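Q:
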Amino acid sequence: MPFVELFVRKGSLDQARREEIGGRLVSEVMVAEGAPDTEAARAISWLVVNEVDAWFVGGKQLPADEKPKYVVRVGVPAGSMDDEKRRDIVQRVTKVLADSDDDPGRFAEATSAWVHINEVPEGNWGARGEIVRFEDIVEYVVTG
Numbered sequence: 001m002p003f004v005e006l007f008v009r010k011g012s013l014d015q016a017r018r019e020e021i022g023g024r025l026v027s028e029v030m031v032a033e034g035a036p037d038t039e040a041a042r043a044i045s046w047l048v049v050n051e052v053d054a055w056f057v058g059g060k061q062l063p064a065d066e067k068p069k070y071v072v073r074v075g076v077p078a079g080s081m082d083d084e085k086r087r088d089i090v091q092r093v094t095k096v097l098a099d100s101d102d103d104p105g106r107f108a109e110a111t112s113a114w115v116h117i118n119e120v121p122e123g124n125w126g127a128r129g130e131i132v133r134f135e136d137i138v139e140y141v142v143t144g
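Here the sequence shown is numbered in UniProt numbering, starting from 1 and rising by one per residue.
#1: Considering just the uninterrupted stretch of the beta strand (DSSP E) at L47, what are its terminal residues?
#2: From this set, P36, L97 and V4, which residue's C-alpha is nearest K67's C-alpha?
#3: When you compare the CB positions of V31 and V4, do they come within less than 7 Å of one another, or not?
#4: Using CA coordinates, which residue listed in V115, D65 and A110 is at the minimum distance from I89?
#5: My guess is that V132 and A41 are in contact by the Cβ rule of under 8 Å, so how many angstroms apart are they, rounded?
Next comes the structure, spelled out in structure tokens:
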């Protein structure tokens, strides 16, 4: 199940846009990942919004009035992804960001948003004070 982090410059998203993006990102990643749409799966599919004070590109701080740039980091258990799922995640995440933007065409450029998929190696995911393996996650989301 995904752990999604959205990085954006502080103040660049109004509340409506923030809720629109936040409400869709995890759901779209879950679809691409092939996760079941169960209460258990949703309960362990999280999104954290990180608003950063400064955003630099090429060594220069972006002006406050520049359109927001995004980094979306998606953490998933290793072994749960193939290239098709990775591609689907990148496309879905980019579409969520574009759909919420006043200028959706700018997301065709590499300068508006990056999506990083981090596959957490087996044995490096933990909950309840213990190591959680991929098979444990699958069992939990299927049986609750």
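Glycine is no exception: its CB is placed at the ideal position from the N, C-alpha and C atoms. Computed from a prediction, not measured in an experiment: that's the story for all the values here.
A: This is what the structure gives:
#1: By 1-based counting over the sequence shown, the position of residue 47 is 47. L47 -> beta strand (DSSP E) spans W46 to V52.
#2: For the purposes of this step, residue 67 is taken as the residue at position 67 of the sequence shown. Per the Cα distances, L97.
#3: As a first step, residue 31 is located in the sequence shown; it is residue number 31 there, counting from the start. As a first step, residue 4 is located in the sequence shown; it is residue number 4 there, counting from the start. In this structure, V4 does not lie closer than 7 Å to V31 by Cβ.
#4: Numbered from 1 along the sequence shown, position 89 holds the residue referred to as residue 89. Of the listed residues, the one whose Cα sits closest to I89 is V115.
#5: Taking the sequence shown and counting its residues from 1, one reaches residue 132 at position 132. Taking the sequence shown and counting its residues from 1, one reaches residue 41 at position 41. Not a contact, Cβ separation roughly 14 Å.
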